Each structure stands twice: as C-alpha cells, then as structure tokens.
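**Student:** Have a look at this one.
Residue numbers (my numbering), protein chains in the order written: chain X, 1 to 286; chain D, 1001 to 1444.
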C-alpha cells in the first residue's frame, strides 16, 4: 500500500508535468506511458451530445474487472497530434480527390496553434506527406501534391500512422480515409490490430463505401469511430465533426493495481449513476 | 445427338465460357475456383452448357477476313490487320470454330477433288486449300496446325490488349471481352490435338498429351496462365491452370502458379473485398485456400524438390496457419542461392517473420536486416522490421523504421512484395508471351 502510494505520487506529477510541457515545448516529447500509467481517451455522450462536466469521481474504470483509482480525468485542452492517413489509390481521383483535399484543408484550419499534424498517403506504397509538425502549411502543401494511382495498402498505412502518432507527445488522432479494401499490404490485419492494442492512438476511420471488418475492428480496439460517407462531398463536414468530437473527449489516467502486469487487459469505463454512452478503447496489451 | 460440326471444335468448355457472365471484364469473382488436379470442373464430357446451341458456320467472306487477320497479324502488336475482328461477338467467334471444324472434316475425308459442304458453303477441297493459304506440304497432309497456332496467338494478343485496355474506355469500347478471345484461343490450341484422320471423339487427355504440338500447347497454357496471374485475375486464372493441369498433370510450374492463386484468394483483397459475394461465388475461406495452397506447393515439390520458390511459399503458408516451427524448417531448407533475387528476398522476410513469431529476436532482426541489404529501402522489410520492434516494445526503433520507410518511393526502392501474388512464371508473363510469339513473328 505504501509502495503504491509512492508510485502514484511519481506517476501523477509525471503526467501533469508532461501535459504542461506540451504547451511550453511541443517539439520535445516528454510524455511517456512507460511509467506504467494507463491513459484512456474517453468520449461520453447523452442523447448524442457530449457531456462535459464530469470529474474523476464520476468515472469508474475497471482493468480486467478490477476497479482502478483514477488519477486524472482531464477535459482541459491538451494539444493534439492529428495523423492523416489518406487513400491515394487509383480510385481516389477527380472530384473525390478534390473533396478529400478540401476536407483535409478544413481540418487543418480547425487546429489550434499548439496542435500538430502529419500526412501519410497510401496506394500500394506508403508516401510521406509530412511528419508531425506544427507548420501546417507543410501539410497543406503535401495535400495539394497527392497523386493518386495504384493499389491500397490500408493495413500498412494504419500501422505507420499508429507508430508515427505515438512517437510524439500529446493526444493522437489517426484519421484514416479509404474508399476500398486492402489489396497490397505486407502486414497482416492481426499484426496491426495487435499493435493498436499497445498504443494510445485513437483511430477514426472514414470510408467512402462499405467499411471493412478491419475498420470496424481497429476503431473498436482504439475507442474511435467509423463513419461511412455516401458522397465524398460530405467529407469536409465529417472531418470537422471528427475533430470536434475528439476535442470533447476526456483523458483518464490510472496506474493499474491488482492486475497482472503482462498480457491483455480489458478496460471498462462507466459513468456512475448516469445512463450515458461511453466510448473508449477496448483494452491494452502489455 | 450433336453433330460434330461446331461441337468437336466447340467443346463444352468454350460454350461454358461463352454463356458464362463476362465476369472477367467486370472484375467480379466467378464461381470458378482452383481445385487440386484432377478436377471435375474441366472434364470435357462432364460440363454441359445449357442454353448453348451449335452455331452455323460463318460466311465464306467473313471466314476469309478471319484467315487474313490470322496470317497478317504481327504477333505481339495491336495492329491494323487484327483490327477487323477485335469487336467480333461470341457468335462470330463460335461460327469461325464451326467453320474450321467443317473444313477439318472435309479435309480429312480423303476426297482430293469434288464438291464438299461446310454448312451452307459449297466449295471444293482445292478452294479450301487456297482459302486457308496452306503451303504445298500442308496441302498434301491437310495439316492446318499452323493456322490454328497463329489463330491462337492472334486471339491471345487481342485478349491481352483488351485486358490492358480496360482502363482506356475509348480503346476498350472497340474490343470484345478479353474472356471471349482467351476462350477462342484456348479452343484453337485445344484443336491442335485433332489431326487429320483422328476420330472426332478423340478428346481424352491422353491423346492431348501425345499430340505433336505438345510443346506449343504447354507453352501456351503456361504463358496465358502466367499473364492472367500477373494481372491478379482470379476469375480466369484458376480455369486456365486447372485445364493446363489436366493436360499436363503434375507440371510443377503450373502447380506453383496454382498455389499462388490460392494465396491470393486467401488474401484480404479477396476475403474482405467489398464487391465480392464470397458465398454466392463459392470462394473458399481464407483457411480453405491456405490449405489448397499448401497442397499445391507440396505437389510441386514432390515433382521437383529443387523448386525453391514453392518451398519458400510453403513456408509462408504454414506460418499463416500458425505452424511456425514447421514454417521455419521449410524456409531454412529452401536452398535459395540459385533462386532469383525476389525469391531470396521473400525467403529472408518470411524467415524473419517466423523467427519473430518464435520469439527469436536476434535471428529475426538479422533476417530482416539481410532482406533490407538485398533490397535497400524495400517497404515490406521496413514494415516487418518495425512491427517486430514494436511488438517487443522498442518504440523508437519501430518509429525510426517507419520514418526511413516513408523516405522511400516505389522508384527509389523497388519492393518485390508488390508482385508477390504473381507466383513463379506469373512474374515472367511477358517473357513467356514473347517466347510463344517469337517463332511466328515476321522479320522486317
């Protein structure tokens, strides 16, 4: 008990320090979950509307069924990392590409000064538009330069987005856009889903067409959402909605107690005494 | 009772192709699937063709157009002489076959002079020789195999052009469906077994294997199966390979391609495809296709134990089935020194995957590193290395691999993985097609 209390003292300041440092020096990644804290991005809605007035005591978090003590429940502004992973296969041309670009520009316009963005495009090959940067003009430039053609390495791109997204401080949103099925990836879907269990990145998948089972699984795994657009003209609205929703999420943090250190940990997040919808990642792998 | 005119040269397989939905051109999946040979699907006598009626022979004038195109066409080119028949319908093509069948019957009747009938066409043997532009030797023997081979080349070329033109609507609009011309070419190739004097009913596999034109027939099946596979064409390829395996049972090169098709059918591109109704199309599950792939590779290795690519692919399939120790054993047994560079790369990549799955960190890292040495910058090796590092918790190394990967392009760092599902000859399709055409090309 004494040891746990001591560890808590170390962890919570570490997290707060890290969050504070994001504002001061966003280029310097200082936040790390290696201090054993588990961070969970949580969206709470009631009748489709986000609830913004919850405090740590309102939440109940179970790790493999064991109730955990929440160290932090933040609804404050935390700088965002937004990794855009856009399908640039040969079907994303003409109007569809223009809609995608417009939606991307709109999302970038919605970011705040301390937010950062990155762009990966994919066909059968992954291409770098921009690494995570606060210089959003570089990302806009990369959006303009998208040249479609080829197959669809959806799994590989998702993996790359997850790894790039977790390599920096802050909360990370991976916004995945595709209009097709994976045709070219080297990585197996199970590999990517397994890695997703080890990151704190939240994936929102936007599909122009029927979402695949992979998209369903990856968003469930990471606590994100999948959105099907009937017409790509809706993309700007959809992207703006995703950004807004992501900003309205809580960040919970706890230090696992009473559970085995390794393996799969299922996370259940509830709000005490209220009939609300809670969306959070399914668990984590240690 | 079906008269041999039309049917002998239009066996049920072609009829099946003709009456089947033009799935090839639409990019949909058909009900065809690979089955280990011998397959009941292609037994010539077991396939019926409901709705198909024997076509009448084509008019003499139209037949002359076809013969002219056959002889004037320069193999490998979408040239002017071939253009008149680009857009011929299935009825047109079937009528040509019916005419050829009638002519063959007339020539084999032994009547050197006198009137013969080919459908409504009343002519003489001498005139037929002239129409067919036979050489004196061919005239003497009544041998039309040169015409059949050139015809097969012509229709193969049109089918290849039509396949490649699918994304060029203006060009594609001028062409019939690729499947029609592949089917026509197949019938002409298969007709090579029918030599003068052969019985009309002589359609069994044994007689095909003993045909004097066996090298051409084998080369044609290998080249077309390779081409279709290189296009990731999962409708036509199984049928061609299946039929090739009936003619040439145990042909390791065909077995290798068959395994590759099954790996493709097991891949997400098919298993998760939006437009694929797998149950309606009778496409097996991922596991089912992996089992078939394993079976094909094992058959290929039984015939040719030195077929390194089959062993490497067998290793991958076993790994996908979760049999990591067996997979690693096969991969390590694959003597890849003499294999082409892509196969050596695949072997290293898969060895890395299996070592990683077995928890052998150093060996996995070494294998991935060797793969990157062979193809510097190849994205698949970077991805494999990165995901391996990430699974073992080494975040910075994982991210570093991805950053390195993202600095590469397809042009700056070729990646053999892009062609993985074209197994064996599938990666040499153009070479095989050129080899098939070469003896028929006119020197300029």
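Ideal Cβ positions, reconstructed from N, Cα and C, are used throughout, including at glycine. Predicted model, so just to flag it, every value in this text is computed and none were measured.
1) Taking the alpha helix (DSSP H) that residue 1324 of chain D falls in, what are its first and last residues?
2) Are the CB atoms of residue 223 of chain X and residue 272 of chain X nearer to each other than 8 angstroms?
3) Please classify residue 1302 of chain D: does DSSP put it in a helix, a strand, or coil?
4) Quick one: grab the DSSP three-state call for residue 1423 of chain D.
5) How should residue 275 of chain X be labelled, buried or exposed, when 16 other C-beta atoms within 10 angstroms of its C-beta is the threshold for buried?
6) Tell me whether residue 171 of chain X sits in a helix, a strand or coil according to DSSP, three-state version.
7) In the DSSP assignment, find the beta strand (DSSP E) that holds residue 1183 of chain D and state where it starts and stops.
8) So, residue 135 of chain X versus residue 1399 of chain D, is the Cβ gap smaller than 8 angstroms?
9) Of all the residues that make up the region 1261 to 1273 of chain D, which are near chain X by a beta-carbon distance shorter than 7 angstroms?
10) Name, in chain order, the residues that DSSP records as bridge partners for residue 87 of chain X.
11) Which residue's Cα is closest to the Cα of residue 1233 of chain D: D:1262, D:1305, D:1368, D:1381?
12) Just to make sure I have the definition right: I need the residues of chain D whose C-beta is within less than 7 angstroms of the C-beta of residue 157 of chain X. Which are they?
13) From the DSSP secondary-structure annotation, give me the bridge partner or partners of residue 50 of chain X.
14) Going by DSSP, what residues sit across from residue 66 of chain X in a beta bridge?
15) Could you name the residues of chain D that residue 182 of chain X contacts, counting a contact when the two beta carbons are closer than 7 angstroms?
16) Does any residue of chain D bring its CB to less than 8 angstroms from the CB of residue 67 of chain X?
17) For residue 37 of chain X, does the count of other Cβ atoms within 10 angstroms reach 16, so buried, or fall short, so exposed?
18) How is residue 1073 of chain D classed by DSSP in three states: helix, strand or coil?
19) Examine the Cβ distances between the region 1235 to 1250 of chain D and the region 157 to 164 of chain X and report whether three or more of them are shorter than 8 angstroms.
20) Specify, as a first and last residue, the run of the alpha helix (DSSP H) that residue 1391 of chain D falls within.
21) State the DSSP-derived secondary structure class of residue 268 of chain X, mapped to helix, strand or coil.
22) Using the C-alpha atoms, what's the distance from residue 282 of chain X back to residue 199 of chain X?
23) I need the boundaries of the alpha helix (DSSP H) containing residue 1402 of chain D, first residue and last residue.
24) If you measure from the beta carbon of residue 124 of chain X to each beta carbon in chain D, is any gap under 8 angstroms?
25) How do the region 1292 to 1305 of chain D and the region 1403 to 1420 of chain D stand: do at least 3 beta-carbon pairs fall below 8 angstroms, yes or no?
26) Determine the chain B residues that contact residue 1371 of chain D at a beta-carbon separation under 7 angstroms, and present them in chain order.
27) Who are residue 279 of chain X's beta bridge partners in DSSP?
28) Could you list which residues in chain X have their beta carbon closer than 9 angstroms to that of residue 1407 of chain D, in chain order?
29) Would you verify that the beta carbon of residue 1348 of chain D is, or is not, closer than 8 angstroms to some beta carbon of chain X?
30) With a CB to CB cut of under 8 angstroms and the five nearest residues on each side skipped, what residues in its chain are close to residue 187 of chain X?
31) Mind checking residue 264 of chain X: buried by the 16 CB within 10 Å criterion, or exposed?
32) Determine, using beta-carbon pairs with one atom in the region 99 to 108 of chain X and one in the region 58 to 77 of chain X, whether at least three such pairs fall under 8 angstroms.
33) Given residue 277 of chain X, which residues of its chain have a CB within under 6 angstroms of its CB, disregarding the five upstream and five downstream residues?
34) Would you say residue 1027 of chain D reaches chain X, if we count a Cβ-Cβ gap shorter than 8 angstroms as a contact?
35) If you follow the alpha helix (DSSP H) that residue 1373 of chain D is part of, which residue opens it and which one closes it?
36) At 8 angstroms on the CB atoms, spell out the chain D contacts of residue 194 of chain X, in chain order.
**Tutor:** Let me spell this out:
1) 1324 to 1333
2) no
3) If DSSP states are grouped into helix, strand and coil, residue 1302 of chain D belongs with the helices.
4) Look at residue 1423 of chain D here: in three-state DSSP terms it is coil, with no helix or strand label.
5) exposed
6) Here residue 171 of chain X sits in strand by DSSP.
7) Segment 1178 to 1190 is the alpha helix (DSSP H) holding residue 1183 of chain D; no beta strand (DSSP E) there.
8) no
9) Listed in sequence order: 1268, 1269, 1272, 1273.
10) X:122
11) Here the closest residue by C-alpha is D:1262.
12) Going along chain D, no residue has its Cβ under 7 angstroms from residue 157 of chain X, so there is no contact; the nearest lies around 10 angstroms.
13) X:45
14) X:63
15) Proximity of chain D to residue 182 of chain X at the Cβ level (cut-off 7 angstroms) is accounted for by 1268, 1269, 1272, in chain order.
16) For residue 67 of chain X, the answer is no, since every Cβ of chain D falls outside 8 angstroms of its Cβ.
17) buried
18) coil
19) no
20) Segment 1379 to 1391, the alpha helix (DSSP H) holding residue 1391 of chain D.
21) strand
22) 12 angstroms
23) 1395 to 1406
24) yes
25) no
26) Although the question refers to chain B, the structure presented lacks it and instead comprises the protein chains X and D.
27) X:43
28) 128
29) no
30) 155, 156, 159
31) exposed
32) no
33) 45
34) Annotation note: pLDDT 24 at residue 1027 of chain D (below 50); position unreliable, coordinate value reported separately. Residue contact with chain X for residue 1027 of chain D: absent (no Cβ-Cβ distance below 8 angstroms to any residue of chain X).
35) 1361 to 1374
36) 1391
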